[in-house]
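See below for the structure under consideration.
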Amino acid sequence: MVLIIGSVCVNVNAVYVQTQSWTQSQTLTREDNGHAYLRVDGDEGPYGDPYYLTVDEDVGYTRYEYDPEGWDISTAGFLGPATRYTSLGRDGMTTFGWLANGTRYPLFFDFANTTNDFTLSIDQTRNQFPVTVGEEFSVLLESSLVYYGTFNLTSAQEFFHLTLASRQDDCEIYAVVVDPMGRLLTEVLVEAGDIQLMPFNPSVPGMYTLVLLGESYNLGIVTADILLEEVQPILIEDGEIVEGELEGSE
Numbered sequence: 086m087v088l089i090i091g092s093v094c095v096n097v098n099a100v101y102v103q104t105q106s107w108t109q110s111q112t113l114t115r116e117d118n119g120h121a122y123l124r125v126d127g128d129e130g131p132y133g134d135p136y137y138l139t140v141d142e143d144v145g146y147t148r149y150e151y152d153p154e155g156w157d158i159s160t161a162g163f164l165g166p167a168t169r170y171t172s173l174g175r176d177g178m179t180t181f182g183w184l185a186n187g188t189r190y191p192l193f194f195d196f197a198n199t200t201n202d203f204t205l206s207i208d209q210t211r212n213q214f215p216v217t218v219g220e221e222f223s224v225l226l227e228s229s230l231v232y233y234g235t236f237n238l239t240s241a242q243e244f245f246h247l248t249l250a251s252r253q254d255d256c257e258i259y260a261v262v263v264d265p266m267g268r269l270l271t272e273v274l275v276e277a278g279d280i281q282l283m284p285f286n287p288s289v290p291g292m293y294t295l296v297l298l299g300e301s302y303n304l305g306i307v308t309a310d311i312l313l314e315e316v317q318p319i320l321i322e323d324g325e326i327v328e329g330e331l332e333g334s335e
């Protein structure tokens, strides 16, 4: 048995970290039949980067997604001319389970309209910030957008604690930690000024990702306080009694 001891606290005077945004733009080419086709390979973690679709007139689409039960086909559309935020989705998996190593399948989209004469472009934006082990910081999250915090773990440290706090009421932050292979290690929901602890055991050396999705019901901006720390476990032998006090948390 391993006992992990650590306190849960966040400094309200933490340094703010600047997020960086990268945007990739693409205009889809219509084929001879007037349709435009899109393949989405997906993103790590439970959320993909946000997409912004710009169309010059109404357009409909058919979406093909593979899941463990087979192909799922759905239809929808966009009114135009307009630019709209959307989530095209992630790649499909052939097997269930958060540690599953099943084959990944991309998503496919078939865009068309009644005139077969439309223009459709896609902008994909990624919001990213660095995470440093042992350094406490704050980051501003625009409501309903996904943010990625990246940190490289190369040491043999066995356990980590990631403390996540929100400074305001009327908001919530959903967070997950994803390993270099895209597997989810831990998740938590921080609500209305709470402080939550996300313990996890690194699976392999490499680049890890903290995925954050904030929702604000009043201000539009969510402040997240973050602290990633190495934790030294205490080995408890069978039949051994350990006495002491654990520091409380908010």
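Per the numbering used here, residue 86 is the first one in the sequence shown, and the count goes up by one each step. All residues carry an ideal CB built from backbone N, CA and C; glycine is no exception. Quantities reported herein were computed from a predicted structural model and do not represent experimental measurements.
Within the same chain, show all residues whose beta-carbon is closer than 6 Å to that of residue i, passing over the 5 residues directly before and after it, in chain order.
{"i": "T108", "result": "D208, T210"}
{"i": "Q111", "result": "I207"}
{"i": "Q236", "result": "Correcting the residue identity first, residue 236 is Phe in this sequence and not Gln. Counting only Cβ-Cβ distances below 6 Å, and skipping sequence neighbours, we find V216, Y293."}
{"i": "C256", "result": "S301, V307"}
{"i": "I326", "result": "none"}
{"i": "G291", "result": "P265"}
{"i": "R148", "result": "S159, F194"}
Assign residue i to one of two classes, buried (16 or more other C-beta atoms within 10 Å of its C-beta) or exposed (fewer than that).
{"i": "Y293", "result": "buried"}
{"i": "I306", "result": "exposed"}
{"i": "A277", "result": "exposed"}
{"i": "Y101", "result": "exposed"}
{"i": "S251", "result": "buried"}
{"i": "L30", "result": "Here the chain covers residues 86 to 335 and nothing more, so residue 30 does not appear."}
{"i": "L164", "result": "exposed"}
{"i": "L270", "result": "buried"}
{"i": "L138", "result": "buried"}
In terms of residue numbering, what span does the beta strand (DSSP E) encompassing residue i cover?
{"i": "T112", "result": "105-112"}
{"i": "H246", "result": "244-251"}
{"i": "T160", "result": "155-163"}
{"i": "S301", "result": "291-301"}
{"i": "E272", "result": "269-276"}
{"i": "I258", "result": "256-263"}
{"i": "N212", "result": "205-215"}
{"i": "G305", "result": "First-last for G305: undefined, no H or E at that position."}
{"i": "T199", "result": "It is not in any beta strand (DSSP E) - T199 carries neither H nor E in the DSSP assignment."}
Flag this pair as yes or no: are the beta carbons of residue i and residue j separated by less than 8 Å?
{"i": "V289", "j": "D254", "result": "no"}
{"i": "L205", "j": "V144", "result": "yes"}
{"i": "Y259", "j": "L238", "result": "no"}
{"i": "A161", "j": "S223", "result": "no"}
{"i": "Y136", "j": "T171", "result": "yes"}
{"i": "L295", "j": "V262", "result": "yes"}
Between residue i and the rest of its own chain, which residues show a CB-CB distance below 7 Å, the 5 nearest in sequence each way excluded?
{"i": "P166", "result": "V140, D141, E142"}
{"i": "E330", "result": "none"}
{"i": "F203", "result": "V140, D141, E142, V144"}
{"i": "E272", "result": "A260, V261"}
Identify, in the order they occur along the chain, each residue of the same chain with its Cβ nearer than 8 Å to the Cβ of residue i, setting aside the five sequence neighbours on each side.
{"i": "L113", "result": "A121, Y122, L123, F196, L205, S206, I207"}
{"i": "Q213", "result": "T104, Q105, S106, W107, Y232, Y233, G234, T235"}
{"i": "N201", "result": "R115, N118, G119, H120"}
With a cut-off of 8 Å, do at least 3 Cβ pairs link the segment 281-292 to the segment 230-250? yes
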